[in-house]
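In this note's numbering, the protein residues as written are 20 to 270.
Ideal placement from N, C-alpha and C gives every residue a C-beta, glycine not left out.
As the structure is a prediction and not an experimental result, all values here were calculated from the model.
Please read the structure below before turning to the comments.
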């Protein structure tokens, strides 16, 4: 009789290298903005110890995304630090990845999302929002209608959370302009005009928000814990979908 031999468990395949999270921000000439984005990257690292996180920029600041991508070994997931669609999401980022790291996975832009709404509510609470205040969601803006629609969707989410109207307005491209929205609010409201800053960090666009004549402008969103959580959420979504970034759009 052949002696019984215990069944050996099937070998477990060796896990592949953990994907590196590459944060792709636009870039800024503001030293305060660079410090804020560095603090955000630090918060992202601390949220998942042992995971590699590399900050990068599309332009102006360093290190540039075009240099970071080919230097990172193993799989890569790029998370755009962009709150809405537009030229940078649909043109700049795809071109860089197609040229430097076509195997990379790319996450969705950050907004709109309920976690950003939570961050906005916290910044407004810290700033001392009052019941009679008129709230404007102040964003950079875009020449892309889809990017403007993203911001208007974010304003709608904030309006629902605050149980009051919230108008989306833009510091650069898009209507209404922030100045127009502030002036209109002055004629229709007896309370203060408050701009909820829909930018991640100090810099050119936040300066435009503060210069539009509102009574109060909130601080940028980073490094609110909700932004950190949203970055990892977008990272996880990209891994689940396993879809490489599409070819850059052509006009």
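Query, Result
"Option nearest residue 217 by Cα separation, candidates 245, 174, 208", "174"
"Cβ-based neighbour list, residue 185, same chain, cut-off 6 angstroms, excluding 5 preceding and 5 following", "154, 156, 174, 177, 178"
"First and last residue of the uninterrupted alpha helix (DSSP H) at residue 97", "No alpha helix (DSSP H) contains residue 97, which is instead part of the beta strand (DSSP E) from 95-99."
"Option nearest residue 236 by Cα separation, candidates 158, 257, 102", "158"
"Three-state class that DSSP yields for residue 158 in the structure shown", "strand"
"Boundaries of the alpha helix (DSSP H) in which residue 245 is found, first to last residue", "244-260"
"Reduced DSSP category for residue 15 - H, G, I as helix; E, B as strand; rest coil", "Residue 15 cannot be examined here, being either before or after the span of the chain that is shown, 20 to 270."
"Range of the contiguous alpha helix (DSSP H) that encloses residue 40", "Looking at the DSSP string, residue 40 is not in any alpha helix (DSSP H); the run it does join, the beta strand (DSSP E), is 39-44."
"Same chain only: Cβ atoms within 6 angstroms of residue 162, ignoring 5 sequence neighbours per side", "192"
"Any non-hydrogen atom of the ligand NAP within 7 angstroms of residue 102 CB", "Inclusion of the ligand NAP in the displayed structure is not the case, the ligand content being empty and no account of it being possible."
"Chain-order list of residues whose beta-carbon lies under 7 angstroms from that of residue 130 (same chain, five-residue window excluded)", "102, 103, 169, 173"
"Nearest-angstrom Cβ-Cβ length linking residue 149 and residue 209, presumed shorter than 8 angstroms", "Not quite, the Cβ-Cβ distance comes to about 11 angstroms (not below 8 angstroms), so this is no contact."
"Between the CA atoms of residue 39 and residue 232 - distance to the nearest angstrom", "42 angstroms"
"Span separating the alpha-carbon of residue 146 from that of residue 234", "11 angstroms"
"Supposed contact pair residue 43 and residue 112 - C-beta distance, whole angstroms, cut 8 angstroms", "6 angstroms"
"Buried versus exposed, by CB contacts within 10 Å (16 or more), residue 25", "Note on residue 25: pLDDT 37, under 50, position unreliable in the model; the coordinate value appears next. Exposed."
"Meets three-Cβ-pair contact criterion under 8 angstroms: the region 65-73 and the region 237-254", "yes"
"Contact set for residue 27: own chain, Cβ-Cβ below 7 angstroms, skip 5 residues either direction", "With a pLDDT of 35 at residue 27, under the threshold of 50, the modelled position of that residue is not reliable, and the figure given next carries that caveat. So the list is empty, once near-sequence residues are dropped."
"Terminal residues of the beta strand (DSSP E) in which residue 73 lies", "72-76"
"Nearest residue (CA-CA) to residue 190, options 182, 108, 201, 140", "201"
"Own chain residues within Cβ distance below 7 angstroms of residue 17, not counting five before or after", "Nothing can be reported for residue 17, as the shown portion of the chain is limited to 20 through 270."
"Opening and closing residue of the alpha helix (DSSP H) in which residue 50 lies", "50-66"
"Integer-rounded CB distance, given that residue 59 should sit under 8 angstroms from residue 241", "4 angstroms"
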